[in-house]
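Chains as they are written, first to last, in the working numbering: chain A, 25 to 376; chain B, 25 to 376; chain C, 25 to 376; chain D, 25 to 376.
Ideal Cβ placement from N, Cα and C applies to all residues, glycine included.
Beneath this line is the structure, given in structure tokens, with notes to follow.
Protein chains: 4
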Amino acid sequence: MFFASDNAGPAHPSILSAMTEANQGHAMPYGNDAIMDEVRDRIRQIFEAPEAAVYLVATGTAANVLSLATLTKPFQTVFCAPDAHIQNDECNAPEFYMGGAKLTLVGESDKIDPARLASAMGTRARIGVHSAQPGPLSITQATEKGRVYSCAEVAELAAVAAAAGQKTHMDGARFANALVTQNCSPADMTWRAGVDVLSFGGTKNGCVGVEAVIFFDPEAAWEFELRRKRGAHLFSKHRYLSAQMAAYLKDDLWLEMARAANDNMARLAGGLKALPDVSFIAEPQANMLHARLPRAMHARLQEAGAVYYLHGTLEGPAEELLEARFVCDWSLPAAEIDRFLAIAAQTEATAG
Amino acid sequence: MFFASDNAGPAHPSILSAMTEANQGHAMPYGNDAIMDEVRDRIRQIFEAPEAAVYLVATGTAANVLSLATLTKPFQTVFCAPDAHIQNDECNAPEFYMGGAKLTLVGESDKIDPARLASAMGTRARIGVHSAQPGPLSITQATEKGRVYSCAEVAELAAVAAAAGQKTHMDGARFANALVTQNCSPADMTWRAGVDVLSFGGTKNGCVGVEAVIFFDPEAAWEFELRRKRGAHLFSKHRYLSAQMAAYLKDDLWLEMARAANDNMARLAGGLKALPDVSFIAEPQANMLHARLPRAMHARLQEAGAVYYLHGTLEGPAEELLEARFVCDWSLPAAEIDRFLAIAAQTEATAG
Amino acid sequence: MFFASDNAGPAHPSILSAMTEANQGHAMPYGNDAIMDEVRDRIRQIFEAPEAAVYLVATGTAANVLSLATLTKPFQTVFCAPDAHIQNDECNAPEFYMGGAKLTLVGESDKIDPARLASAMGTRARIGVHSAQPGPLSITQATEKGRVYSCAEVAELAAVAAAAGQKTHMDGARFANALVTQNCSPADMTWRAGVDVLSFGGTKNGCVGVEAVIFFDPEAAWEFELRRKRGAHLFSKHRYLSAQMAAYLKDDLWLEMARAANDNMARLAGGLKALPDVSFIAEPQANMLHARLPRAMHARLQEAGAVYYLHGTLEGPAEELLEARFVCDWSLPAAEIDRFLAIAAQTEATAG
Amino acid sequence: MFFASDNAGPAHPSILSAMTEANQGHAMPYGNDAIMDEVRDRIRQIFEAPEAAVYLVATGTAANVLSLATLTKPFQTVFCAPDAHIQNDECNAPEFYMGGAKLTLVGESDKIDPARLASAMGTRARIGVHSAQPGPLSITQATEKGRVYSCAEVAELAAVAAAAGQKTHMDGARFANALVTQNCSPADMTWRAGVDVLSFGGTKNGCVGVEAVIFFDPEAAWEFELRRKRGAHLFSKHRYLSAQMAAYLKDDLWLEMARAANDNMARLAGGLKALPDVSFIAEPQANMLHARLPRAMHARLQEAGAVYYLHGTLEGPAEELLEARFVCDWSLPAAEIDRFLAIAAQTEATAG
């Protein structure tokens with residue numbers, strides 16, 4: 025009953041097999057391996073972007089901060105949501121990599137509203153040398169609350185940025201989870217909607233540790249390469265990153281795992297929704313849920329071994345609602361979810 | 025005939041097996057996996073350092089620059105050899121991570137002389153607010169020219185640093201290769217000799233991508249953890265780093281691979297030495313050789329598919345000596361080395 | 025009728041005289057001049073802080089960012105008000121000097137509420153390696169909206185910071201303007217209330233360009249000196265900074281000028297308050313006022329040559345209220361203020 | 025008898041008068057003052073550069089590091105002499121402002137040799153992503169050893185940089201001292217010779233504290249302005265910088281003071297040269313001399329109150345030669361120099 029994060033699940037066996045298979049003889053280091061050529065071609069094909077520059081790194085934070093550092097001058101500010109991973113979960117890595125550029129928080133939640141973005145970007149544009157200059161937009165797809173921007177929403181936000189002369193970055197640590205819920209293609213959700221650079225996640229969706237950074241306009245590619253090396257993120261034995269990504273993309277494994285994770289969440293959310301004392305912060309659209317459950321329910325679940333992030337402590341009134349975050353990865357057995365739901369339901373019964 | 029670098033060889037099969045074995049069910053992320061506990065214990069045991077703080081990262085550059093950033097203030101200078109990896113091969117990563125601290129080059133080669141170090145550190149100590157303040161010493165073991173500091177030499181250098189109030193960092197990307205040539209223990213070559221922080225390499229010596237950072241004094245451990253995260257080098261699916269390192273240390277695999285690599289180099293160097301027109305820059309003490317070969321020999325070798333770093337071009341007088349770097353990894357078949365030597369010898373014959 | 029800023033007024037003639045007087049013969053550079061010894065003694069006396077470390081720089085931003093950089097680790101966050109100068113008016117200088125540390129905005133205005141500070145600092149304290157770690161508090165006295173923290177309020181905020189293990193910095197660009205409105209001493213308003221480091225402003229209060237940085241605990245003094253030099257803020261011909269500060273402090277000139285500026289504001293605010301269509305954002309407590317005036321009044325004032333910051337444009341409905349910022353410096357002639365008020369009143373009459 | 029530095033002498037009385045004169049009424053802050061318009065025009069005229077972007081800062085280090093930061097990417101290296109001020113006397117300010125870019129030292133002294141520069145820049149150009157990328161050249165005019173590049177020498181160096189695709193920065197803290205020794209114009213010594221950005225010194229040559237930064241190609245001007253503000257080097261009461269520079273340039277005061285300083289040095293050097301036991305490190309071409317004097321001579325001079333930088337201590341054999349640095353500023357009375365020479369000569373006599 026592990027719902028703490030999708031970064032705690034195993035990798036798909038195919039990923040490990042591919043790494044093992046790649047482990048033959050000598051291979052050119054630093055991204056010059058033959059598998060990387062395949063990966064580059066495949067990603068360009070999937071994204072219908074034959075000119076795109078494609079790079080691999082091992083962590084999602086690296087993908088985000090190297091992308092943003094390439095797009096942003098140190099006297100600028102990035103615009104993002106207050107719940108963004110780059111704001112809350114990267115220990116100042118963005119500011120470090122951007123040479124002290126700022127993050128300006130737009131709105132109060134996980135999703136950015138175009139009108140507020142326009143206002144924030146516009147306000148800054150009027151200010152002179154004393155203030156942080158406007159810089160790129162960064163949006164998270166799916167968001168840190170498990171919601172998804174429709175392709176039209178992405179386009180609307182990117183258009184606001186473009187109108188202010190700014191680029192758009194997408195933190196796609198859960199890109200696949202967002203994509204499979206939509207009726208649009210990878211290209212539609214990115215460059216056709218105005219996204220300039222994508223952090224294309226693999227780690228959270230069943231890889232060992234690999235993320236692609238995709239520049240749809242390859243102009244800044246060489247600068248990115250230098251920043252990757254300078255950030256100590258260029259792998260010498262790069263073939264093992266390439267092999268992961270190649271296996272991830274092969275036969276749509278990435279989409280298959282994302283669907284599995286989302287389905288797991290649908291099963292969990294469906295079950296929880298049926299319980300009278302449970303409420304959702306937001307309707308889950310991918311593989312993550314923020315919900316409020318009574319403390320007694322939390323106590324029983326955690327006692328039974330369920331693992332997830334709980335905001336608050338188990339001490340206090342039994343009926344008080346406490347917020348929690350649940351994430352499903354591709355590997356969760358349905359039986360585990362059902363067991364979790366059964367325990368939750370039991371609490372209801374008991375409490376009743 | 026691949027002698028370009030030890031980062032181009034395959035990982036030992038045991039490393040990949042261990043990763044595959046670790047790929048079961050959910051595991052706590054970010055270094056809280058159970059295998060990491062084993063790794064920490066094992067490293068403390070090997071180094072006879074029960075209090076040491078131990079961390080894993082995926083690249084040697086990350087290990088070096090995070091270590092140095094933890095030891096160095098931005099207004100200080102690190103002292104290193106002009107041939108040091110941190111000076112030549114990390115694209116300003118040290119300066120980036122240290123917030124603009126400087127590297128002061130001591131001497132003219134790969135090895136630092138204690139008297140010159142004392143002079144360099146001492147000179148700076150006399151200078152006031154205008155100059156970079158003296159900071160830590162960083163030495164490379166084995167060096168970038170394939171030489172090795174004896175444990176006594178390490179101790180002498182670290183004593184100079186300590187006398188100037190400074191810490192000592194060891195870049196041990198090829199630590200194992202240096203160790204197996206000596207009559208001293210891991211502890212003797214590090215903390216007993218005055219080394220404060222060690223980058224303990226795995227990648228170049230048969231892993232997929234893993235390096236340990238070992239703080240013999242754990243005081244700065246928490247700062248290191250924050251700097252690792254801020255550098256985007258904290259792995260969520262950390263168990264795959266742990267598994268590599270556990271397999272690397274198990275049954276002395278790390279020493280076995282280092283011996284194999286060094287033996288390969290001994291075979292290569294022995295053969296080359298016998299050729300009249302070949303001269304060595306330095307007697308190889310680990311798994312790397314810098315040597316001068318006639319251009320005609322280079323031409324024939326490269327035509328036959330030998331891969332290594334050549335300083336200069338194949339156009340010019342046939343008898344002119346050109347410097348080259350040869351590195352042997354653990355996996356090189358003896359037959360490949362012998363084939364290389366046969367081709368080299370043939371050139372001699374032909375030239376004669 | 026110049027109300028745009030107190031940084032646009034002239035310096036007091038005594039300041040220039042003192043600089044001219046200091047211009048005799050050779051003097052030791054870099055802060056080793058004899059006048060600096062006097063300044064240090066005088067500041068220690070005024071602040072009843074015989075151990076304080078005292079430094080001079082030429083800009084308020086330098087004073088703030090060098091102070092904060094000395095107090096803050098790059099993986100931490102400073103806590104400040106959303107209206108803080110360090111957040112809005114220093115073009116990422118704090119983030120630059122702090123190596124990418126963050127600013128966390130507490131509340132929605134110019135003043136920080138202790139409960140919200142406790143909540144913000146406390147929340148962060150519970151978070152692990154993924155988030156910016158809590159760092160110092162920075163408060164502005166007087167604030168960017170012209171309000172003043174009472175000494176008790178300062179003490180309350182600093183106590184919250186101290187309880188979280190953090191230091192307190194005070195941006196005192198208008199320290200004198202805040203002090204003369206209160207019944208407490210410089211010591212009461214700073215170290216006795218828990219302030220650790222003070223940016224003690226001179227420039228805005230009648231100097232040419234000089235600010236003192238006062239560390240009440242001199243422990244970090246040498247680090248500050250190195251950071252000042254590294255920031256390119258150490259003056260070689262330092263005596264001209266010293267001379268300014270010496271003249272500023274002599275015979276309480278600093279208090280006299282602050283009183284003059286505040287009195288000018290009282291005259292202005294008193295007059296504006298009497299006008300029916302004018303409202304204040306906050307009651308001015310020092311030498312700055314944020315107020316709303318009808319557009320027609322702005323139009324008439326600006327046409328007559330009044331200079332001040334207007335949020336909005338002169339085009340639109342005449343009766344619409346537009347916010348503006350007015351600042352009075354020590355040198356403003358009462359007649360200018362009265363002329364301003366007369367024009368404002370005229371608009372009323374006409375509008376009526 | 026003050027020969028320690030030209031930054032310890034007084035400012036010319038005209039500089040202070042100009043500041044006092046500028047101290048009337050309100051003036052637009054942050055470089056928007058009317059005097060700055062005059063200064064900009066005058067500098068463009070003097071340099072025959074009608075498009076040049078001109079800015080003022082208060083310290084020479086600020087002029088250098090803001091210039092270099094505007095020209096240099098953080099993954100590049102600047103090329104400079106080992107004796108350069110940016111290397112030895114700015115406490116890592118260049119690295120700080122350039123985001124961790126490196127300084128590569130060319131040669132062993134104060135002057136750069138074109139062939140060695142070509143070799144250094146060329147070597148780097150061949151290296152890939154692993155190494156610092158080549159960046160701008162920075163030369164010092166006059167050098168830290170008191171020598172001067174001829175205009176032809178400047179042109180030759182800048183041509184090497186341009187051939188490698190790099191810009192040229194000139195640290196002209198003693199620009200005037202270098203200029204008055206040559207038969208060429210300010211334009212000849214800068215942009216006509218290929219210099220892209222000039223730190224045009226005022227402080228060391230008789231100002232209170234002001235340096236101009238001149239971008240002959242104004243393309244990067246706005247970025248420079250943002251970096252100046254972000255570095256906390258934008259003065260609010262900018263008119264006092266403008267007034268200094270205006271007075272400095274008026275009626276060729278800057279050239280007059282430089283000639284006076286150089287003449288003082290000629291007088292000093294002429295006298296010292298006549299003494300049998302004195303030798304020069306380099307023939308002084310501006311206002312600075314590095315020379316070797318017997319210890320006994322140093323002892324007598326310092327006892328008599330002479331102030332200058334001595335490398336070594338007064339304890340030891342009387343006849344041993346110790347290196348010292350002597351700098352003359354514009355204000356030194358001839359009588360002081362003669363007194364110094366008389367004491368030095370006396371030592372000779374006594375020693376004899």
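Inset, instruction - Round the Cβ separation of N229 (chain C) and M281 (chain C) to the nearest angstrom and send it over; I've been treating them as touching at under 8 angstroms. - result: 5 angstroms
Inset, instruction - Pull up the CB-CB distance for R198 (chain C) and N112 (chain C), whole angstroms please, since I reckon it's below 8 angstroms. - result: Their Cβ separation, rounded to whole angstroms, is 15 angstroms, which puts R198 (chain C) and N112 (chain C) out of contact at 8 angstroms.
Legend entry - Residue-level contact to chain C via CB, S250 (chain B), 7 angstroms cutoff: For clarity, residue 250 (chain B) is Leu in the given sequence; the question names Ser instead. Yes, its Cβ sits closer than 7 angstroms to a Cβ of chain C.
Legend entry - CB contact below 7 angstroms: H109 (chain A) versus chain B: no
Legend entry - Closer than 7 angstroms to chain D by CB, F350 (chain A): no
Legend entry - Beta bridge counterpart(s) of F103 (chain B) as assigned by DSSP: B:T128 and B:L161
Inset, instruction - Flag this pair as yes or no: are the beta carbons of R252 (chain A) and L90 (chain A) separated by less than 7 angstroms? - result: yes
Inset, instruction - Please name the residues in the stretch 90-102 of chain D whose beta-carbon is closer than 9 angstroms to at least one beta-carbon of chain C, in chain order. - result: L90
Legend entry - Nonlocal neighbours in the same chain, by C-beta distance under 6 angstroms from M60 (chain A), ignoring five residues either side: S266
Legend entry - Cut-off 6 angstroms between Cβ atoms - residues of its own chain near Y272 (chain B), not counting five sequence neighbours on either side: G226, C231 and W278
Legend entry - Cβ-Cβ distance between A125 (chain D) and R254 (chain C) below 7 angstroms: no
Inset, instruction - Taking only beta-carbon positions, decide if A375 (chain B) is within less than 7 angstroms of chain D. - result: Confidence at A375 (chain B) is low in this model, with a pLDDT of 49, below 50, so the placement of that residue is unreliable and no value is reported for it.
Inset, instruction - Would you verify that the beta carbon of H36 (chain D) is, or is not, closer than 7 angstroms to some beta carbon of chain B? - result: no
Legend entry - C-beta atoms of S303 (chain D) and R316 (chain D) nearer than 7 angstroms: yes
Legend entry - Span of the beta strand (DSSP E) around E177 (chain D): Not the beta strand (DSSP E): E177 (chain D) falls in the alpha helix (DSSP H), residues C175 to A187.
Legend entry - Alpha-carbon to alpha-carbon, A186 (chain B) and E327 (chain D): 37 angstroms
Inset, instruction - Taking H154 (chain C) as the reference, give the member of B:G49, B:A42, B:H257 and B:G131 with the closest Cα. - result: B:H257
Legend entry - Member of B:V331, B:A342, B:E307 and B:A306 whose CA lies at the smallest distance from the CA of K321 (chain B): The identity of residue 321 (chain B) in the sequence shown is Met, whereas the question assumes Lys. The option with the nearest alpha carbon to M321 (chain B) is B:A342.
Inset, instruction - Flag this pair as yes or no: are the beta carbons of T96 (chain D) and G159 (chain D) separated by less than 7 angstroms? - result: yes
Inset, instruction - With 7 angstroms as the threshold, decide whether the Cβ of C115 (chain D) is near any Cβ in chain B. - result: yes
Inset, instruction - Alpha carbon to alpha carbon, how far is E307 (chain D) from T192 (chain D)? Give it in angstroms, no decimals. - result: 26 angstroms
Inset, instruction - Measure the CB-CB distance between A105 (chain D) and D137 (chain D) and report whether it falls below 7 angstroms. - result: no
Legend entry - Pairwise C-alpha distance: F103 (chain A) and L129 (chain A): 6 angstroms
Inset, instruction - Note the first and the last residue of the continuous alpha helix (DSSP H) segment covering M43 (chain D). - result: P37 to A46
Legend entry - A32 (chain C) and H50 (chain D) closer than 7 angstroms at C-beta: yes
Legend entry - Near-chain A residues of the stretch 263-276 of chain B (beta-carbon distance less than 7 angstroms), N- to C-terminal order: Y264
Inset, instruction - Step through the CB atoms of chain D and report whether any lies within less than 7 angstroms of the CB of S260 (chain C). - result: yes
Inset, instruction - Show which residues of chain B have a CB atom less than 7 angstroms away from the CB atom of V81 (chain D). - result: Neighbours of V81 (chain D) on chain B: none; closest Cβ ~18 angstroms, over 7 angstroms.
Legend entry - Min CB distance G189 (chain B) to chain C below 7 angstroms: no
Legend entry - DSSP three-state assignment for G376 (chain A), whether helix, strand or coil: For G376 (chain A), the pLDDT reaches just 42, beneath the cut-off of 50, and the residue's location in the model is therefore unreliable, leaving the point undetermined.
Inset, instruction - At 9 angstroms on the CB atoms, spell out the chain B contacts of G124 (chain D), in chain order. - result: N116, A117, P118, E119, F120, Y121, M122, G123, G124 and A125
Legend entry - Residues sharing a beta bridge with E339 (chain A), DSSP: DSSP output for E339 (chain A) lists no bridge partner at all.
Legend entry - Neighbourhood of G376 (chain A) by C-beta, 8 angstroms cutoff - its chain only, sequence neighbours within 5 removed: Confidence at G376 (chain A) is low in this model, with a pLDDT of 42, below 50, so its placement is unreliable and the value that follows should be read with caution. There are no such residues.
Inset, instruction - Check the Cβ-Cβ distances between N31 (chain D) and every residue of chain B, and say whether any is below 7 angstroms. - result: no
Legend entry - Heavy atom of the ligand FAD within 6 angstroms of L356 (chain A) beta-carbon: Among the components of this structure there are no ligands whatsoever, and the ligand FAD is therefore not found.
Legend entry - Option in C:W215, C:G189, C:L222 and C:R216 with minimal Cα separation from S162 (chain C): C:L222
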